[in-house]
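Peer 1: If you read the sequence shown in the working numbering, its first letter stands for residue 603, the second for the next number, and so on. We treat Cβ as the ideally placed atom computed from N, Cα and C, and that holds for glycine.
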Amino acid sequence: MIPIPAFIDSADKVKGNLTANLGYIKFPNGVLGIAAGAHYYVSYDQGLTWDYVSTVAYDPAGTYEYTYSGVHLLPSGRLLMSMHRLIRPLSDYPCVATSDDGGMTWSDPKYIVRPDRLPAEALPKPGKFELPVEKFNWFTKEGKPAGGWFSAYRSPCALVTKSGRIVVVFGRRRPPYGIGGVVSDDEGETWSQEFVLRDDACVADLGYPVMTELNDGRIFTAYYIAVSDSDGNIPSIRQHRGLPESGCLVSG
């Protein structure tokens, strides 16, 4: 492995460099693990230099792009990478990939929310959202061919709680606009139905949540969302709410 500067220059040159991350790992032996694009790196010198380990997901045809990645260590030792997958013409969807060999190899990415723009016969069984076969013809809810670029979800952020539950929160850039999330209690094998933090946004300009677990087990999440005022104006307002470990909304 070839060491690279601490300012991680992603293997996806077109996508640019890593300026922020949505999850990293500090192993018991002090080694650090981080995601840059859809690639996994480790550091043996507290982040001074980074070694490329593996590519998590790659589409040589250029149909898919992966952004907003973060890597997390699960209780069993499994690694989980949370990503945002951009795909034509299906839309933007959060997905995850897992590794059971320390990041050397990874599973194929799979959705963590159900693609709701597809005909029912094209959908996988509930709970296991494998990426659908691309030969299907995709349609909107109105039955029209799904052409162009649809932005359904945005900027997923994952958190592994002290109990081992995986929580992923993301922006919902489709009606009803807002902030949603899902949870997994089996290390990413299956995922809950989507829960709603906010559904009162007036436009799709929203998202980019971050999370942390508080000492009492609650989860604090911050994000931005645009809501209209009493006169119908649409200012951009920063909001934050508390999220208990169970994944339910509380007042904040």
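Tell me the DSSP secondary structure of D694 in three-state form.
Peer 2: Translated into the one-based positions of the sequence shown, residue 694 becomes position 92. D694 falls in the strand class under three-state DSSP.
Peer 1: By alpha-carbon positions, which one of G649, G639 and V655 ends up nearest to D661?
Peer 2: Numbered from its first residue, the sequence shown carries residue 661 at position 59. Looking at the Cα atoms, G639 is the closest of the given residues.
Peer 1: Excluding five sequence neighbours on each side, which residues of the same chain lie with their C-beta closer than 6 Å to the C-beta of V769?
Peer 2: Locating residue 769 in the sequence shown gives position 167, where the first residue counts as 1. Counting only Cβ-Cβ distances below 6 Å, and skipping sequence neighbours, we find L761 and V785.
Peer 1: Pick helix, strand or coil for C759, following the three-state DSSP scheme.
Peer 2: Locating residue 759 in the sequence shown gives position 157, counting from the first residue. DSSP places C759 in strand when its eight states are reduced to three.
Peer 1: Taking all protein chains shown into account, do 16 or more other C-beta atoms lie within 10 angstroms of the C-beta of F629, making it buried, or fewer, making it exposed?
Peer 2: Taking the sequence shown and counting its residues from 1, one reaches residue 629 at position 27. When all chains shown are included, F629 counts as exposed.
Peer 1: Quick one: Cα of W888 to Cα of S701, how far?
Peer 2: Coverage of the chain is limited to positions 603 through 854, which leaves residue 888 absent and any answer about it impossible.
Peer 1: Using DSSP with H/G/I as helix, E/B as strand and the rest coil, what is G704?
Peer 2: Against the sequence shown, residue 704 aligns to sequence position 102. In this structure, G704 counts as coil in the three-state DSSP scheme.
Peer 1: Assuming F552 is part of the beta strand (DSSP E), what are its boundary residues?
Peer 2: Since the first and last residues shown for the chain are 603 and 854, residue 552 lies out of range.
Peer 1: Rounded to whole angstroms, what is the Cα-Cα separation between I627 and H674?
Peer 2: By one-based count along the sequence shown, residue 627 stands at place 25. By one-based count along the sequence shown, residue 674 stands at place 72. Each residue's alpha carbon lies about 6 Å from the other.
Peer 1: What are the complete alpha helix (DSSP H) segments, minimum 4 residues, inside the stretch 808-832?
Peer 2: Listed in chain order, there is nothing to give.
Peer 1: On the three-state DSSP scale, how would you describe G887?
Peer 2: Because the chain here runs from 603 to 854, residue 887 falls outside it and cannot be looked at.
Peer 1: With DSSP as the reference, label T665 as helix, strand or coil.
Peer 2: Position 63 of the sequence shown, counted from the first residue, corresponds to residue 665. Of the three classes helix, strand and coil, the one that applies to T665 here is coil, per DSSP.
Peer 1: By the 10 Å Cβ neighbour count, where 16 or more other Cβ atoms means buried, how is V771 classified, buried or exposed?
Peer 2: Counting from one through the sequence shown, the residue named residue 771 turns up at place 169. It is buried - the Cβ of V771 has at least 16 other Cβ atoms within 10 Å.
Peer 1: Identify which residue in L799, C804, M685 and D807 has its Cα closest to the Cα of A861.
Peer 2: Any property of residue 861 remains undetermined from this structure, which presents the chain solely from 603 to 854.
Peer 1: Can you give me the Cβ contacts of I714 inside the same chain, cut-off strictly under 7 Å, excluding the 5 residues immediately before and after it?
Peer 2: Start at 1 with the first residue of the sequence shown, and residue 714 comes out as number 112. Answer for I714: P696, C697, V698, F731, V770, V784 and W793, listed in chain order.
Peer 1: Rounded C-beta distance between G766 and R774? I'm assuming under 8 Å.
Peer 2: Residue numbering aside, residue 766 sits at position 164 when the sequence shown is read from its first letter. Residue numbering aside, residue 774 sits at position 172 when the sequence shown is read from its first letter. No, G766 and R774 are not in contact; Cβ-Cβ is about 26 Å, not under 8 Å.
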